[in-house]
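Numbering (the numbering used here), first residue to last: 1153 to 1243.
Heads up: the structure comes next, in structure tokens.
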Amino acid sequence: MAAVDKVWYDNWMKSISVEEMQRDLPTYIRLVQHGETVVIVEAQQPVAELIPIEKPRSKTRPYGLCTGEFEVPEGFDAPLPNEILHSESGT
1153 MAAVDKVWYD NWMKSISVEE MQRDLPTYIR LVQHGETVVI VEAQQPVAEL IPIEKPRSKT
1213 RPYGLCTGEF EVPEGFDAPL PNEILHSESG T
């Protein structure tokens, strides 16, 4: 593993060995429940990641929030003109 990779997960996530995880699983589960990401390493290599499950939204968003705010122009889905299709920047 590159040194940069190790620095990244060491600085942003709690990293633990497989042995630590086995010794104190409830503690690491609590960390994840509180929003932490835990990286499990074996022989200094990351092998797994425990991440919190995103909670579903309590309410669905209502439809039509932007009704009347904009209008799709006529010909919006018409084919592009040939000069655009065959220009050097378009290919």
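For each residue, glycine too, the CB sits at the ideal point set by N, CA and C.
Note that the structure is predicted; figures quoted are calculated from it, not measured.
Could you spell out the range, first to last residue, of the alpha helix (DSSP H) harbouring Glu1235? Asn1234 to Leu1237
Using a Cβ-Cβ cut-off of 8 Å (strictly less than) and excluding sequence neighbours within five positions of Gly1264, which residues of its own chain qualify? Residue coverage of the chain in this structure runs from 1153 to 1243, which leaves residue 1264 outside it and unanswerable.
Which residues bound the beta strand (DSSP E) around Gln1185? Unbroken run through Gln1185 is the alpha helix (DSSP H), Leu1177 to Gln1185; no beta strand (DSSP E).
Pick helix, strand or coil for Pro1231, following the three-state DSSP scheme. coil
Glu1226 versus Arg1182 - alpha carbon distance: 55 Å
I'd like to check one pair, Met1165 with Thr1189: are the Cβ atoms closer than 7 Å? yes
Give me the Cβ distance between Glu1169 and Glu1194, rounded to the nearest whole Å; I'm assuming they're in contact under 8 Å. A small correction: the amino acid at residue 1169 is Ser; Glu does not occupy that position in the sequence shown. Sure, about 7 Å apart at Cβ, within 8 Å.
Beta-ladder partner(s) of Lys1166, from DSSP: Note: Lys1166 sits in a beta bridge opposite Val1190.
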